[in-house]
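Reading through the structure tokens given below for one structure.
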Amino acid sequence: MGITSAFVLFAVIWFLVLFLVLPLRLVTQGETGNIVPGTPPGAPDNVQMGKKLRLTTIIAVVVWAVLAGIIISGVIEVRDFDWLNRMPPVPEAGETGG
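Listed below in structure tokens is the structure:
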């Protein structure tokens, strides 16, 4: 796995985890009774974005390390997802390509 693909994998994982973490411990303005004029009652009262970003980064690093380890070790390869058998067969040791 190259540096670019490792970064892209981390970015995708980070944003997926962020969208999972955002609604955790969400308290709306309607629940607290402190509705700011011009905002809906379902708007967050105290987002605590710093804590959520730190938690997202920690979880994303752990998930990325596991997935990167699996990819680098070769446990899962692209051929494992070739369910329609569109990839050419793997050449045997000593065979030439033509």
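The sequence shown: position 33 = 32 (numbering that gives the first Met the number 0), numbered continuously. Glycine residues also receive a C-beta, built at the ideal position from the N, C-alpha and C atoms. In this text the structure is predicted, and so the values were computed from the model without any measurement.
Q: Identify which residue in Phe6, Glu30 and Val16 has its Cα closest to the Cα of glutamate 54.
A: As a position in the sequence shown, residue 54 is number 55, starting the count at 1. The question names glutamate, but residue 54 in the sequence shown is leucine. Residue Val16 is the option with its Cα nearest to leucine 54.
Q.
Give me the residue from Pro36, Thr27, Pro90 and Gly73 with the minimum Cα distance to asparagine 45.
A. Reading the sequence shown from its first residue, position 46 is the one you call residue 45. Residue Thr27 is the option with its Cα nearest to asparagine 45.
Q.
Would you call the stretch 5-20 in contact with the stretch 60-73, where contact means no fewer than 3 C-beta pairs closer than 8 Å?
A. yes
Q) Residues in its own chain within less than 7 Å of leucine 25 by CB, not counting five upstream and five downstream? A) What you label residue 25 is simply residue 26 of the sequence shown in a count that begins at 1. Closer than 7 Å at Cβ, skipping near neighbours: Pro43.
Q | Buried or exposed (CB count within 10 angstroms, at least 16 for buried), alanine 92 | A | The residue given as residue 92 occupies position 93 in the sequence shown. When all chains shown are included, alanine 92 counts as exposed.
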